[in-house]
Amino acid sequence: MADTLADLAAQLRIDSIRCTTAAGSGHPSSSLSAADILAVLFQKHLRFDFQQPRAPNNDRFILSKGHACPVLYSAFKAAGAIDDKELMTLRKFGSRLEGHPNPHVLPLVDVATGSLGQGLAIGVGMALTARLDGLPFRTYVLMGDSETAEGSVWEAFDKASHYQLDNLCALIDMNRLGQSTETELGWNGEAYAARARAFGWHAITLDGHDLDAIDRALVEAASKRGQPTCLICKTEKGHGSSLIANQDGWHGKPLPEDKARDAIRELGGERPVRIDVKKPDALKPSGQDPAAPLKLPGYEVGQKEATRKAYGDALLALGNARPDVVALDAEVSNSTYSDEFRKAHPKRYFEMYIAEQNMVSSAVGMAVLGKRAFVSTFAAFLSRAYDQIRMAAISNATLHLCGSHAGVSIGEDGPSQMALEDLAMMRAVGGSTVLYPSDANQTAKLLAQVVERKGISYLRSTREKTPVLYPASEEFPIGGCKVIRRSDQDVATVVAAGITLHEALKAWAMLKEEGVAVRVIDLYSVKPVDAKTLREAARETHGRLIVVEDHWAEGGLADAVLEAFTGERQRLPSVVRLAVTKLPGSGKPAELLNAAGIDAEHIVEAVTSFVEDVARDTDAQGRPQAEAWGHPNA
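If you use UniProt numbering, the sequence shown closes out at 634, no skipped numbers anywhere.
Below, the structure is given as C-alpha cells:
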C-alpha cells in the first residue's frame, strides 16, 4: 500500500504542475506540500460517493486553503470524477475548475473557499449537522498555516471544542512559507499544538510527508471521543521539485514549461494511478422532528408590537412546522427573540456566543447540507461577518439573516449599536433579498416566504414596538410594496419602510389637516424593489418622491428607489432624501429621529417645499403641467 500511496502522491504533484503550467497561473507550490495528506486521506479514510456528491452520509472535505485547488482537482481526476482533458482546463474561461473551488460550477465541492480563515467554521456547521441528523460521517478541513492568523479560525476552534465535535478533524499544512514572507510560527508545530490544546482540542504533530504517520494520525483522530482533533503536518512548500521546494518567491507562480518537464521527471514521470475512494453506508438522517402545518402568529390591527418579537414568533412557527429549520444566534437571543425557538427546539438551536464570523460560516456548513438556517444578531454586528456573507453567496448557500436593533431609533445605546449601513451592505451581496417590514403581521408573512427563497436573505427588524398596520390576512409578496395612502390629488409620494413608515403616516395625517394630499408607499421589499409601482407613483405625483430612511443616505432605500428608474425612457424623478447624515449620539428614539431629520415633522417640511413649487407647474387653467412627467418628451 505504501508504494501505491507514494505513487498516488507523486501523480497528484505531477498533475498539479501540469495543469498550472497549462493555465499559466495558479499555486503549484501550495499544492505540492499537501499532496501526501490528500493521498492518504482520499485513499484510506474518506468515504464519499462521487456519483452522489450530496448523499447525506458522505464524509465532507473542505479545502480551506482554496488556492491549493490544483491538488484537489488532481485527486478528483485520480478518483475518476473528472478526466485529464477537464483537468487541463484549469482557470480557463467557462471551465468548472476555477482558480478557487466553487460549487456554483463544480458540485463535487460543497463550498467556495479562497477567502482564508473560513473553512474550519464551515466544518463546525457540518459536524453539528451530522450530530443533529444522527449520521456517522466525518468532516475534514485542510487548512493552510498562514490562515491560522485569522481570528475567525480561533472562533471555530473554540466552538468545535465547546460542542465536543469529535467528528471533526482539522489538518494544518504547515509548510512555513506564506505569500510574501515566512508565516508567523514557521515550522513551530508545538506552538500550533499548544494553541489547539488550549482551545480543548486533541492535537498531533507529525511529518506531513510521512505517509504512514499521516495514516496513523487519521486513525487516532477517528478514535478520539469528546474532542475534535487537529493534525499539524510539517510539510515543505513545493515538495518534490528541487527547483521550488522550500524556496521563497514561488507562491502563486506556475513552473515554466521546461522547468515543469524537469520537475515531472524528478517525480518519476506520469503514471496511471487511480484512487479507490470507498462509498459510505447509505444512511439517511434519523430522529428528526415531525413536520406539521404552518401556523403563523397573528396580531390585531392597532396593537403595538416590535417586528423583532414578530421575527421570534414566526421563527418558532417555522420551527414547529419544519424539521429542517435551525437557528443560530450570537448571545442576544433574548433581544432578537430567537430564544422562543431555543426553548421549543433546543437540539436545533445553536448558541454561537459573540463570534459572528463563526456563526455565519457554521450556518453555511449547515445550509449546504440541507438545513434552513436562520441567523440572528444585532444588525450592526453582522458587518463584522460581511466577508463570510459574501462567501456564502459565492458558495451558492441559502442563508436567512435577521438583523435587529437597526438605525437611530434604537435610542440610548448610541452609534456603536446602530446599524446605519446594513441595507447597503446586504443589497450589495450577489443575488440577495433584502426586506424591511414595518409591522408584526408583515414580518411573519415575509419570513414564511423567506424560508423557501434561495440565496442570501436579510430581514431588518425594529427594536421599538410600533402599531400593527395590516390584518393577519394581508399578503406581502417579495418584490412588492404597499400603497397605503393615495388619492387623485396627491402632490408627492413619500416612500418609507420600517420605523420611518410610521413617521410617514403621522406626516400624512398632519398634511391632511392642512389640505395637502400625499401618497405613502411601504417599501418593505428593498431588493427586489417594486419598480412598476414606484414608476406609477412618480407619474401620478408629478415626479416628486420623498424617501425617508433610518439609514445613511448612501446605498439604502433612496438608491433602491432610483434603481427602479434605471433604463426608463423618461427623466428621473425629483428625489428628496431624508436620511441620517451626521453621526448620532444617545437619546430617546423620538429625539434621535428628529435630530436626524427623518421624523414626521421633517417629512411635512419636505412635502411643503414641494407644494410651494406646484404653482409654477400649472397652466392658465390650473392643470398640472407635470402631468406629462414620465413621457419621453417631457
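Beta carbons are placed, not taken as given, at the ideal position from N, Cα and C, and that holds for glycine.
**Prompt:** Does the beta-carbon of residue 93 have 16 or more other beta-carbons within 10 angstroms, so that it is buried, or is it exposed?
**Reply:** exposed
**Item:** Cα-Cα separation between residue 631 and residue 564, rounded to whole angstroms
**Value:** Residue placement at residue 631 is poorly supported in this model, since its pLDDT is 41, which falls under 50; the coordinates are not used for a value here.
**Reduced DSSP category for residue 224 - H, G, I as helix; E, B as strand; rest coil** = coil
**Request:** Note down the Cα distance separating residue 235 from residue 185, rounded to an integer number of angstroms.
**Result:** 13 Å
**Request:** Could you tell me if residue 120 is buried or exposed, where buried requires 16 or more neighbouring beta carbons within 10 angstroms of its beta carbon?
**Result:** buried
**Message:** For a quick check, are the C-beta atoms of residue 87 and residue 97 less than 8 Å apart?
**Reply:** yes
**Message:** The alpha helix (DSSP H) that contains residue 378, what's its start and end?
**Reply:** That residue, residue 378, is in no alpha helix (DSSP H); its beta strand (DSSP E) goes 372 to 378.
**Asked** Given a threshold of 16 other Cβ atoms within 10 Å of its Cβ, counted over all protein chains shown, does residue 181 qualify as buried or as exposed?
**Response** exposed
**Message:** Just to confirm before moving on: does the CB-CB distance between residue 146 and residue 116 stay below 8 Å?
**Reply:** yes
**Item:** Between the CA atoms of residue 213 and residue 4 - distance to the nearest angstrom
**Value:** 15 Å
**Request:** Starting from residue 271, follow its DSSP beta bridges and name the residues at the other end.
**Result:** Answer is none; residue 271 lacks a bridge partner.
**Prompt:** Can you give the beta carbon distance from residue 323 to residue 291, rounded, assuming they're within the 8 Å contact cut?
**Reply:** 6 Å
**Beta-carbon contacts of residue 637 that lie in its chain and below 8 Å, excluding the five residues immediately before and after** = Absent from the model: residue 637. The displayed extent of the chain is 1 to 634, so no value can be given.
**Message:** Report the CB separation of residue 21 from residue 260 in whole angstroms; it is logged as a contact under 8 Å.
**Reply:** 4 Å
**Request:** Within 10 angstroms of the Cβ of residue 274, are there 16 or more other Cβ atoms? Answer buried if so, exposed if not.
**Result:** exposed
**Run of the alpha helix (DSSP H) containing residue 381, from where it starts to where it stops** = That residue, residue 381, is in no alpha helix (DSSP H); it is neither H nor E in DSSP.
**Message:** Taking contact to mean 3 or more Cβ pairs, one atom from each stretch, closer than 8 Å, check whether the stretch 247 to 255 and the stretch 172 to 180 are in contact.
**Reply:** yes
**Request:** State the Cα-Cα distance for the pair residue 496 and residue 69, rounded to the nearest angstrom.
**Result:** 47 Å
**Message:** What does the alpha-carbon distance come out to for the pair residue 209 and residue 255?
**Reply:** 22 Å
**Asked** In terms of residue numbering, what span does the alpha helix (DSSP H) encompassing residue 299 cover?
**Response** No alpha helix (DSSP H) holds residue 299; DSSP gives it neither H nor E.
**Prompt:** Any heavy atom of the ligand MN within a distance shorter than 7 Å of the CB on residue 56?
**Reply:** In terms of ligand content, the structure shown is empty, and the ligand MN therefore cannot be addressed.
**Request:** Reducing DSSP to helix, strand and coil, say where residue 475 ends up.
**Result:** coil
**Prompt:** Between the Cα of residue 53 and the Cα atoms of 477, 388, 31, 282, which residue gives the shortest distance?
**Reply:** 282
**Prompt:** Of the residues 572, 559, 579, which one's Cα is nearest the Cα of residue 552?
**Reply:** 579
**Asked** Skipping 5 residues on each side, what residues in its chain have a beta carbon closer than 7 Å to that of residue 203?
**Response** 193, 196, 197, 230, 232
**Prompt:** Near residue 66, what residues of its chain come up, given a Cβ to Cβ distance below 7 Å and the 5 sequence neighbours on each side ignored?
**Reply:** 100, 101, 113, 114
**Asked** For residue 430, does the three-state DSSP call read helix, strand or coil?
**Response** coil
**Message:** Check whether the stretch 377 to 389 and the stretch 342 to 351 are in contact - that is, three or more C-beta pairs closer than 8 Å.
**Reply:** no
**Item:** Unbroken stretches of the alpha helix (DSSP H), 4 residues or longer, contained in the stretch 120 to 208
**Value:** 151 to 162, 189 to 198
**Asked** Whose C-beta lies closer than 7 Å to the C-beta of residue 17 among residues of the same chain, with five residues either side of it excluded?
**Response** 28, 255, 260, 263, 264
**Message:** Taking the alpha-carbon of residue 72 as reference, which of 13, 455, 488 has the nearest alpha-carbon?
**Reply:** 13
**Message:** Let me check understanding here. Comparing Cα to Cα, which of 158, 488, 132 lies closest to residue 289?
**Reply:** 132
**Request:** Rounded to whole angstroms, what's the CA-CA distance from residue 238 to residue 269? Just pull it up for me.
**Result:** 17 Å
**Prompt:** CA-CA distance, residue 157 and residue 201?
**Reply:** 8 Å
**Prompt:** Over what stretch of residues does the alpha helix (DSSP H) that includes residue 440 continue unbroken?
**Reply:** 440 to 450
**Message:** Suppose the cutoff is 6 Å on Cβ atoms and the five residues either side in sequence are ignored; what does the same chain contact list for residue 271 look like?
**Reply:** 7, 11
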